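Notes to accompany the following structure.
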Amino acid sequence: MSTLYLVATPIGNLSDFSPRSIDVLNSVHAIACEDTRTSGQLLRHFNIGTPTLSFHQHNEHRKTASVIEYLDSGKDIALISDAGTPGISDPGFLPAREAHRNGHRVCAVPGPSALITALSASGLPSDRFLFEGFLPAKKGRSGRIDAIVDQECTVVLFESVHRVIKLAEELSERCTPDRMIAVCRELSKHFEEIIRGPVPVVSNKLREHANLKGEFVIILAGKNYREDPVSPDADKPGL
Numbered sequence: 260m261s262t263l264y265l266v267a268t269p270i271g272n273l274s275d276f277s278p279r280s281i282d283v284l285n286s287v288h289a290i291a292c293e294d295t296r297t298s299g300q301l302l303r304h305f306n307i308g309t310p311t312l313s314f315h316q317h318n319e320h321r322k323t324a325s326v327i328e329y330l331d332s333g334k335d336i337a338l339i340s341d342a343g344t345p346g347i348s349d350p351g352f353l354p355a356r357e358a359h360r361n362g363h364r365v366c367a368v369p370g371p372s373a374l375i376t377a378l379s380a381s382g383l384p385s386d387r388f389l390f391e392g393f394l395p396a397k398k399g400r401s402g403r404i405d406a407i408v409d410q411e412c413t414v415v416l417f418e419s420v421h422r423v424i425k426l427a428e429e430l431s432e433r434c435t436p437d438r439m440i441a442v443c444r445e446l447s448k449h450f451e452e453i454i455r456g457p458v459p460v461v462s463n464k465l466r467e468h469a470n471l472k473g474e475f476v477i478i479l480a481g482k483n484y485r486e487d488p489v490s491p492d493a494d495k496p497g498l
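Just so we're aligned: the sequence shown equals residues 260 to 498 in the working numbering.
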């Protein structure tokens, strides 16, 4: 039985790459990369010389067959994305499914995830959350946003720099004025920033931002969440 490793890679700070991840990438026969040029920089930085092959959303079906051929021949293979955890808004689902179906071992090597990093730092409820990934640019976008606004649990989205202001405005039009949101950008990087507050306030801050660049994770609180002051007495029995 061969093993498919799904290895998380840094989302910005190379120091977040674990020793186990490096060991796995050195031990496998090949590494399937979302972009061999981007991954090549990471691999060279850590002196990883394992052969690579291209594996991205435009060739995922065809290259999944190649991954299974590696595994069927007794060779271990790893899958990495440009940044973060494979399978989370990145290729990974198909090779993992097919590896399971063909009797091979599937092993996730945990590490950086923009989704979890943003949720952890947002200061918004994380006991229940819905991950929506990237919204469509046009067709179906309005309906998806309506459904998101109606959620009782926290919602996590990814958005590009080109549409983040538009998304904030769309949410501001639909949400109550006190609905809380956190817009996280450049996570784990030098210019990491979290803009947090009521949706209309954050929307205005984004429009006025002097240097709005990077990659964005949006955390929207559930529709019934309200910011209550912390009381030291709240933990006492009977209160």
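Glycine included, each C-beta is placed from N, C-alpha and C at the ideal position. If you're wondering where the values come from, they're calculated on a predicted model, not measured in any experiment.
Q: Put ALA480 into one of helix, strand or coil per three-state DSSP.
A: coil
Q | Distance, PRO488 Cα to LEU338 Cα | A | Computed Cα separation, rounded: 45 Å.
Q: Check whether the Cβ atoms of ALA289 and LEU312 lie closer than 9 Å to each other.
A: yes
Q. Does DSSP put LEU353 in a helix, in a strand, or in coil?
A. helix
Q.
Could you compute how far the alpha carbon of PRO278 sits from the alpha carbon of GLY399?
A. 42 Å
(Q) Using C-beta distances below 7 Å, list every residue in its chain close to LYS472, excluding the 5 sequence neighbours before and after it, in chain order. (A) VAL420
Q) What does DSSP give as the partner residues of TYR329 in its beta bridges? A) According to DSSP, which records beta bridges pairwise, TYR329 is partnered with nothing at all.
Q) Do the segment 292-300 and the segment 362-377 make contact, defined as three or more Cβ pairs closer than 8 Å? A) Put simply, the segment 292-300 does not touch the segment 362-377. Fewer than three CB pairs are less than 8 Å apart.
Q: For ARG438, count neighbouring C-beta atoms within 10 Å of its own C-beta (all shown protein chains included) and say buried if the count is 16 or more, exposed if not.
A: buried
Q. To which residues of the same chain is CYS412 closer than 7 Å at the C-beta, ignoring the five residues directly before and after it?
A. Counting only Cβ-Cβ distances below 7 Å, and skipping sequence neighbours, we find ARG387, PHE388, LEU389 and GLY481.
(Q) Between the alpha carbons of LEU314 and ASN470, how many angstroms are there, rounded? (A) The residue asked about is misnamed: residue 314 is Phe in this sequence, not Leu. Their Cα atoms are separated by approximately 33 Å.
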